[in-house]
Amino acid sequence: MMNFNDKVIYQIYVKSFMDSNGDGLGDIAGITSRLSYLEKLGVDYLWLTPVFISPMNDNGYDVADYRKIDPSFGTMEDLEELIEEAKKRGMGIMLDMVFNHTSTAHEWFQKALLGDPKYKDYYIFKKGADGAPPTNWESKFGGNAWEYVPQFDEYYLHLFDKTQADLNWENEEVRKELYDIVNFWLDKGVSGFRFDVVNLISKPETYENDDLGDGRRFYTDGPKIHQYLKELNRKSFGQKEDSLTVGEMSSTSLENCVRYSNPSEKELSMVFNFHHLKVDYEKGDKWSLKPFDFQELKDIFDHWQTGMQEHQGNMALFYNNHDQPRVVSRFGNDKKYHKESAKMLATSIHMLRGIPYIYQGEEFGMTNAYFTSIHEYRDVESTNYYEILRKEGLPEERILEILQAKSRDNGRTPVLWNDEEGRGFTEGTPWIPFAKGPSVSAEKDMKEEDSIFSYYQKLIKLRKSNPVIQEGTYEILEKDHPSLFCYVRALGEKKVLVLNNFYDKEEEFSLINHGFPPVDERNVRLLLTNYNELCTKDEKICLRPYESVIISVEP
Ligand code: GLC
Numbered sequence: 002m003m004n005f006n007d008k009v010i011y012q013i014y015v016k017s018f019m020d021s022n023g024d025g026l027g028d029i030a031g032i033t034s035r036l037s038y039l040e041k042l043g044v045d046y047l048w049l050t051p052v053f054i055s056p057m058n059d060n061g062y063d064v065a066d067y068r069k070i071d072p073s074f075g076t077m078e079d080l081e082e083l084i085e086e087a088k089k090r091g092m093g094i095m096l097d098m099v100f101n102h103t104s105t106a107h108e109w110f111q112k113a114l115l116g117d118p119k120y121k122d123y124y125i126f127k128k129g130a131d132g133a134p135p136t137n138w139e140s141k142f143g144g145n146a147w148e149y150v151p152q153f154d155e156y157y158l159h160l161f162d163k164t165q166a167d168l169n170w171e172n173e174e175v176r177k178e179l180y181d182i183v184n185f186w187l188d189k190g191v192s193g194f195r196f197d198v199v200n201l202i203s204k205p206e207t208y209e210n211d212d213l214g215d216g217r218r219f220y221t222d223g224p225k226i227h228q229y230l231k232e233l234n235r236k237s238f239g240q241k242e243d244s245l246t247v248g249e250m251s252s253t254s255l256e257n258c259v260r261y262s263n264p265s266e267k268e269l270s271m272v273f274n275f276h277h278l279k280v281d282y283e284k285g286d287k288w289s290l291k292p293f294d295f296q297e298l299k300d301i302f303d304h305w306q307t308g309m310q311e312h313q314g315n316m317a318l319f320y321n322n323h324d325q326p327r328v329v330s331r332f333g334n335d336k337k338y339h340k341e342s343a344k345m346l347a348t349s350i351h352m353l354r355g356i357p358y359i360y361q362g363e364e365f366g367m368t369n370a371y372f373t374s375i376h377e378y379r380d381v382e383s384t385n386y387y388e389i390l391r392k393e394g395l396p397e398e399r400i401l402e403i404l405q406a407k408s409r410d411n412g413r414t415p416v417l418w419n420d421e422e423g424r425g426f427t428e429g430t431p432w433i434p435f436a437k438g439p440s441v442s443a444e445k446d447m448k449e450e451d452s453i454f455s456y457y458q459k460l461i462k463l464r465k466s467n468p469v470i471q472e473g474t475y476e477i478l479e480k481d482h483p484s485l486f487c488y489v490r491a492l493g494e495k496k497v498l499v500l501n502n503f504y505d506k507e508e509e510f511s512l513i514n515h516g517f518p519p520v521d522e523r524n525v526r527l528l529l530t531n532y533n534e535l536c537t538k539d540e541k542i543c544l545r546p547y548e549s550v551i552i553s554v555e556p
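Okay, structure coming up:
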């Protein structure tokens, strides 16, 4: 397996990226029309969220036909053209494979509902227990995870929406069908895949109530998960030396992630995990409000960086995606220090050990949606939880405040290309309102000399030109500092020191105390900062609000 440490990946949430035909929905031809922008940014791969036929109850994560393009996104020809045009510009296309479940509109599920035993066994149907569902497991989108089917007097499992039925990976024919789909897309020339919630595919042998939680401990990193991933690798993408794969791992463990991503295991190239994005959950509850716990964030990064390094696992580095609020509004300051904090947050992860991901709009500082009415939300998880929290008796205002901070729609508003009416995204009415936060746009940002965009270009170039950033070891410094996240990457005698101030109060970092020479020495070089020039006091570096400094030290 190749290593991808010099690559940077860009995630496109297709529905909100660029609309080419004025229907208010982003589409594949829209992506093609923006390729030179992406080339200019300097990214290597474009991961597209699902573009397959779907009833869109979960915006394409409910797939009804894995081999066909949904007409709202365009045609197969559009995708072929995108693959070809991207390739000409040195970029590969990655597709999103949703294999834990299919839409209930999928032909397999429809045949199952008609009682065809072959297809019924493609899914997980079980008898209820005393008039109740088979287990008390909860769906990730709220409510019980089982849906009753009267004609069978049985229930089917859905860990997500009730229109997303979990597939039965125990069934060899199911696995074969899925491998064939991967091979179908490889033949079309795609360069890689993102596998949706792939660590949930292996279910336990027996289904029992969870008296301690929502059921996840029974099916997360399940009993045959490594066996299935090895088989998937062997029977599909593993036959292409250079294909890139990333698995989305829900509530996973370090130990399992090492196995998923260590090249010698022959499973996947790298993994996403989400522990660092739960540091603003009160007692693990997403639907609560709490300022983010900075120390916990650092401790989690440190745990994963050192653990993956020790066992040669590979991590995807990210703060943003289509399921997360925008980080500049979440861990940064999107008002007074918008630019500074956007760049600082980018620095804090791009210099880590792993493979950085940029989520559309992040590269010019897009913020949360700041919606003020439930009618502006589109996401099934958000609208479900709105109802659940209402039933729990929370006042409307409080619920809206929680959604403003936590809804997945914060990351799903259309890309703000410019300041015109349709924001350069559409000539029609966008499917979801534009973000109402501070006014930002790609065009406005890129006109400025110190643009966020150009800072991202520099971070990408740094990674590509500096082996220490690609391969160096990682070590944290000032582990318990209340506002600094500092670490050093080292390769042989060469070092890269990364300093990030996560708050608006000025701090100092002593080079000498950490065994580094003062900045005026010949072998010390400033690689990048998000302020105009370095601020020093004697041998100390001062870190202004949300300042980042990257320094290289050579022997
Ligand atoms: C993943 C996707 C998310 C989707 C879910 C179910 O977490 O990122 O958008 O809702 O899986 O497919």
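Sequential numbering from 2 applies to the sequence shown in the working numbering.
The beta carbon of each residue, even a glycine, is placed where N, CA and C say it ideally should be.
Flag this pair as yes or no: are the beta carbons of residue i and residue j separated by less than 9 Å?
| i | j | result |
| --- | --- | --- |
| F100 | V199 | yes |
| K287 | K407 | yes |
| L42 | I359 | yes |
| P483 | F295 | yes |
| L529 | L460 | yes |
| F302 | L353 | yes |
| R195 | L233 | no |
| I84 | Y46 | no |
| Q165 | D59 | yes |
| R523 | Y532 | no |
| L318 | I356 | yes |
Does residue i come out as helix, strand or coil in the three-state DSSP assignment?
| i | result |
| --- | --- |
| V328 | helix |
| F18 | coil |
| K267 | coil |
| M77 | helix |
| C258 | helix |
| G248 | strand |
| F161 | coil |
| S289 | coil |
| A491 | strand |
| R90 | coil |
| E173 | helix |
Spatial neighbours of residue i within its chain, please: C-beta separation below 6 Å, excluding the five flanking residues on both sides.
| i | result |
| --- | --- |
| K496 | V489, V554 |
| M309 | M316 |
| S440 | none |
| D300 | none |
| N210 | T136, N137 |
| R35 | M19 |
Beta-carbon within less than 7 Å of residue i's beta-carbon, same chain only, minus the 5 sequence neighbours each way: which residues are those?
| i | result |
| --- | --- |
| K204 | I125, Y220, G223 |
| K236 | Y180 |
| P1 | Any property of residue 1 remains undetermined from this structure, which presents the chain solely from 2 to 556. |
| E297 | V280 |
| F185 | R68 |
| P51 | G61, Y62, V64, D97, V99 |
If you measure from the CB of residue i, is any heavy atom of the ligand GLC nearer than 8 Å?
| i | result |
| --- | --- |
| D20 | no |
| E256 | no |
| S251 | yes |
| E382 | yes |
| K141 | yes |
| Q165 | yes |
| F185 | no |
| Y62 | yes |
| D410 | no |
| V198 | yes |
| N101 | yes |
| F636 | Outside the modelled stretch of the chain, which goes from 2 to 556, sits residue 636, for which no answer is possible. |
| F153 | no |
| R517 | Just to set this straight, residue 517 is Phe in the shown sequence, not Arg. No, the ligand GLC has no heavy atom inside 8 Å of this Cβ. |
| F319 | no |
| F161 | yes |
| N531 | no |
Am I right that residue i and residue j are in contact with their C-beta atoms under 8 Å? What's the rounded C-beta distance?
| i | j | result |
| --- | --- | --- |
| A30 | D79 | 5 Å |
| R409 | E382 | 6 Å |
| S549 | T348 | 4 Å |
| I182 | R68 | 7 Å |
| E268 | K231 | 6 Å |
| D335 | T373 | Actually they are not in contact, since the Cβ atoms of D335 and T373 sit about 16 Å apart, beyond 8 Å. |
| Y14 | Q325 | Rounded, the Cβ-Cβ distance is 11 Å, inconsistent with contact. |
| D420 | S442 | 5 Å |
| V469 | A436 | That pair is no contact at about 37 Å. |
| S251 | L201 | 6 Å |
CB-CB under 8 Å to residue i, same chain, minus the five flanking residues each way: which ones, in chain order?
| i | result |
| --- | --- |
| E139 | N145, A146, D215, G216 |
| P313 | Per the sequence presented here, residue 313 reads as Gln, with Pro not at that position. Only V259, N263, P264, S265 meet the Cβ criterion. |
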